[in-house]
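Peer 1: Supplied in structure tokens, the structure appears directly below.
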């Protein structure tokens, strides 16, 4: 087991009501088995998105690196399953991903196929355009022309009336069939959210994430019942009673981030509960590196086989997942998966298909540590 620290600068500052980002920092975990197969996982904590801080993450990673070299893959995964509710989620996600990568490589199949034999070779994704006030109409048109039928914009950074006017103007430039996925990042109170939903009712809105600054199941349900488009829960998932959420779902969508849910298998278990309750799931990224994007893409492919009967709708029959964020990074920790006509293509080889690069290492992060 070996940890490789990385620091990935962004091309432009990522702005949202939940905070601003200029760099993504974390660790690649590399596991090598007795057959010289390599499994990879990414730990890039982002507390504003529901994960632990960096100090907690590295402590958990080094602890598991010490233990993991004495175990087989199956035993290590079983050990992780006993700590699914208590382990720091971003660290757990990295460890689990590397183990599943090894398991899939040993089975000579893609990780997505290990999770579900019906998994598709690609997944629909939305474009991540950034803040509404930073986007020009020409940029929206270019994204639509490149094959994206869903374009995501961040709200909650300006006065709501100003944003409503800007949103109406942006929608005038959208080609037919292109819709906007919006994310308020918990910027609004209930009255503001209700006013926004009424004002946007006739616009081509695909969904709205995290509309409330202090969400309750009751308020979310009231808002969804009056809203013309799906609402989605993301970061506030940790604040809600999960059993009550699935018993009577207050919104129509749930966003899944591996670093918040604790990895692929816990996220898949949540997705199964959601589907049984009639709630769609979107797998998304916190502007992760290539390794984290690939891990999320394999989960998305296992949940959304991509056939005509798949739940959700991106205009072509499948949900668009939030995984087209690699373009925001100036450099990456591995080869970025290709996106063609709005679909992210899984690598052809077995396992995760991750090909590591050597990104710049952060000066303040712990050095690479063999276990």
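Numbering (this note's numbering), first residue to last: 129 to 499. Virtual Cβ for every residue (Gly too), placed ideally from N, Cα, C.
From the DSSP output, read off the bridge partner residues of residue 361.
Peer 2: According to the DSSP secondary-structure assignment, residue 361 is paired through a beta bridge with 382.
Peer 1: Name the two residues that bound the continuous beta strand (DSSP E) containing residue 408.
Peer 2: 408 to 411
Peer 1: Check the Cβ-Cβ distances between residue 340 and every residue of chain B, and say whether any is below 8 Å.
Peer 2: As a matter of chain content, chain B is missing from the structure shown, which is built from one protein chain.
Peer 1: Helix, strand or coil for residue 454, going by three-state DSSP, please let me know.
Peer 2: helix
Peer 1: Can you name the residues that DSSP bridges to residue 334?
Peer 2: Paired residue(s): none; residue 334 is not in a bridge.
Peer 1: On a CA-only basis, which of 454, 468 and 422 is nearest residue 240? Give me that one, please.
Peer 2: 422
Peer 1: Could you tell me how far apart the beta carbons of residue 323 and residue 288 are, in whole angstroms, since I believe they sit closer than 8 Å?
Peer 2: 7 Å
Peer 1: Give me the Cα-Cα distance between residue 178 and residue 312, rounded to the nearest whole angstrom.
Peer 2: 16 Å
Peer 1: Tell me the DSSP bridge mates of residue 311?
Peer 2: 282 and 337
Peer 1: Residue 253 by DSSP, collapsed to three states: which one?
Peer 2: strand
Peer 1: Whose C-beta lies closer than 6 Å to the C-beta of residue 283 among residues of the same chain, with five residues either side of it excluded?
Peer 2: 260, 291, 310 and 312
Peer 1: Where does residue 454 land, buried or exposed, given buried means 16+ other C-beta within 10 angstroms?
Peer 2: Buried.
Peer 1: Decide if residue 152 is buried, meaning its Cβ has at least 16 other Cβ atoms within 10 Å, or exposed.
Peer 2: buried
Peer 1: Along the alpha helix (DSSP H) that carries residue 346, what are the first and last residues, could you check?
Peer 2: Element bounds for residue 346: 345 to 353.
Peer 1: The beta strand (DSSP E) spanning residue 168 covers which residue range?
Peer 2: 166 to 171
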